[in-house]
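Under the numbering used here, think of the first position of the sequence shown as 86, with each following residue one higher.
Cβ atoms here follow ideal geometry from the backbone N, Cα and C, with glycine treated the same way.
Note that the structure is a prediction, hence the values are computed from the model and not measured.
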Amino acid sequence: MYTMRNVLLVALGGGVGSALRAMLVWGTAGRVGTAFPLGVLLVNVLGCFVFGVAIRYGVGSSAMSDSTRLLITTGFCGGFTTFSAFSMDILEGLEQGRTVMITTYVCLSVILGVLAMVAGMSLAKTLAR
């Protein structure tokens, strides 16, 4: 529901998520280089896991309020994960003729993202018991 409180929750979560994404992407690039976009892969997989936990944890109970869920999913995960950077990495890799690396990156991103979402949802279900 559109309320100023919800907008502020999304903005707060998005700001924190964006800052953490930048730190993780930059930190990863500084440690392992930029030949493979590992930092973006990590934020997207971690974001899927966190989203899975938040979307399932306590659904139908009072374990997590709707406001907290909004802060985490739309706010934090929206700022933390980065489909636009993922898309740009793909285009740059294709332009550089790095087809094998890009194919690996796309497959890992999709498969690990889905698996992380399932793991997050499974953890949330266990915690809600």
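Where do the ends of the alpha helix (DSSP H) carrying residue i lie?
i: alanine 96; result: 89-117
i: serine 152; result: 151-155
i: alanine 139; result: 123-141
Can you look up residue i in the DSSP assignment and give me helix, strand or coil?
i: arginine 214; result: coil
i: glycine 205; result: helix
i: cysteine 170; result: Before going further, note that residue 170 is alanine rather than cysteine in the sequence given. Alanine 170 falls in the helix class under three-state DSSP.
i: glycine 182; result: coil
i: tyrosine 190; result: helix
Compare the C-alpha of residue i against each of the options and name the closest.
i: phenylalanine 171; options: Leu109, Ser147, Val125 and Val185; result: Val125
i: glycine 164; options: Leu179, Leu94, Gly100 and Met86; result: Gly100
i: leucine 93; options: Gly115, Tyr190, Leu131 and Phe161; result: Phe161
i: aspartate 174; options: Gly205, Leu123, Leu156 and Ile196; result: Leu123
i: tyrosine 87; options: Val191, Asp151 and Thr184; result: Asp151
i: leucine 296; options: Met89, Arg90, Asn91 and Leu131; result: In the structure displayed, the chain extends from 86 to 214; residue 296 sits before or after that span and is not available.
Starting from the C-beta of residue i, find all residues in its chain whose C-beta is less than 6 Å away, skip the five residues before and the five after it, and write them out in chain order.
i: cysteine 133; result: Gly198, Ala201 and Met202
i: threonine 159; result: Val95
i: glutamine 181; result: none
Within its chain, find whatever has a CB closer than 7 Å to the CB of residue i; leave out the 5 residues flanking it on each side and keep chain order.
i: tyrosine 142; result: Ala148, Met149, Ala209, Leu212 and Ala213
i: leucine 127; result: Leu109 and Thr113
i: valine 191; result: Ile175
Please state if the CB of residue j and the CB of residue i are separated by a distance shorter than 8 Å.
i: methionine 186; j: phenylalanine 121; result: yes
i: alanine 139; j: arginine 116; result: no
i: isoleucine 157; j: glycine 205; result: no
i: threonine 189; j: asparagine 129; result: no
Considering only residues of the same chain and omitting the five flanking positions on each side of residue i, which have a CB-CB separation below 8 Å?
i: leucine 179; result: Ile187
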